[in-house]
Amino acid sequence: MGSDSENEKSVKERKKLMAVAPIAKPLAGRKLCKRTLKLVRRVYIGRRLCIIAGNISPIDVITHVPILLEEADIPYIYVPSKEDLAVAGVTKRPTCCVLVTTKPTKGDVPQEVQEKLQSDYNQVIAEAKELTASLF
Numbered sequence: 001m002g003s004d005s006e007n008e009k010s011v012k013e014r015k016k017l018m019a020v021a022p023i024a025k026p027l028a029g030r031k032l033c034k035r036t037l038k039l040v041r042r043v044y045i046g047r048r049l050c051i052i053a054g055n056i057s058p059i060d061v062i063t064h065v066p067i068l069l070e071e072a073d074i075p076y077i078y079v080p081s082k083e084d085l086a087v088a089g090v091t092k093r094p095t096c097c098v099l100v101t102t103k104p105t106k107g108d109v110p111q112e113v114q115e116k117l118q119s120d121y122n123q124v125i126a127e128a129k130e131l132t133a134s135l136f
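Heads up, the sequence shown is in full-length UniProt numbering, so the first residue is 1 and it goes up one at a time.
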């Protein structure tokens, strides 16, 4: 019974990856994608990281975004699914991109929470830069 659910997950993952646009590079691997989407769920707010969905259609919707991000010196990474990105961002509609920051716009965040968010942010940024460096 466990193998059926694993097979179903594997099929879903393959379907997601087949729908990814050819320009979706650097594409986060399974672990980095999971960590990145978890970070989106926990943070909305200082330093910035843009997460772009790789399965946007038509592709012209997102082709200009990486150029703007590079000009603004904002790191970015693609994830395979706009639906997963929407769920991580707590929205009901598929989302093409999310800008993640580490500082709150309103109110204060407890120090321990801020440190954990900063740690997660730094880890995702390091892996995203490593993926980007391997492309060029």
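Where is the CB? At the ideal position from N, CA and C, for every residue including glycine.
Just to check my reading of the structure: residue i and residue j have Cβ atoms closer than 8 Å, yes? What is that Cβ distance to the nearest angstrom?
i      : j     : result
Ile51  : Val98 : 5 Å
Val113 : Leu39 : Incorrect: roughly 13 Å between the Cβ atoms, too far for contact.
Leu37  : Leu85 : 7 Å
With 16 other CB atoms within 10 Å as the buried threshold, where does residue i fall?
i           : result
Ala88       : buried
Leu135      : exposed
Ala126      : exposed
Ala128      : buried
residue 144 : Lying outside 1 to 136, the shown extent of the chain, residue 144 is not represented and no answer is given.
Leu117      : buried
Excluding the 5 residues preceding and the 5 following residue i in the sequence, name in chain order all residues of the same chain whose CB lies nearer than 7 Å to its CB.
i      : result
Lys82  : Ala53, Asn55, Ile56, Pro94, Thr95, Cys96
Ile59  : Ala21, Ile23
Glu115 : none
Ile62  : Ile52, Ile56, Cys96, Cys97
Can you give me the Cβ contacts of residue i inside the same chain, cut-off strictly under 8 Å, excluding the 5 residues immediately before and after it?
i     : result
Tyr78 : Val20, Ala24, Lys25, Pro26, Leu27, Ala28, Ile51, Ile52, Ala53, Gly54
Ile74 : Arg48, Leu49, Cys50, Leu99
Give me, in chain order, the residues of the same chain whose beta-carbon lies closer than 6 Å to that of residue i; leave out the 5 immediate sequence neighbours on both sides.
i      : result
Glu8   : none
Asp120 : Leu39
Which residue wins for smallest C-alpha separation from residue i, given the options the options?
i      : options                    : result
Leu17  : Asp108, Ala72, Arg30       : Arg30
Ala133 : His64, Ser5, Asp108, Tyr76 : Tyr76
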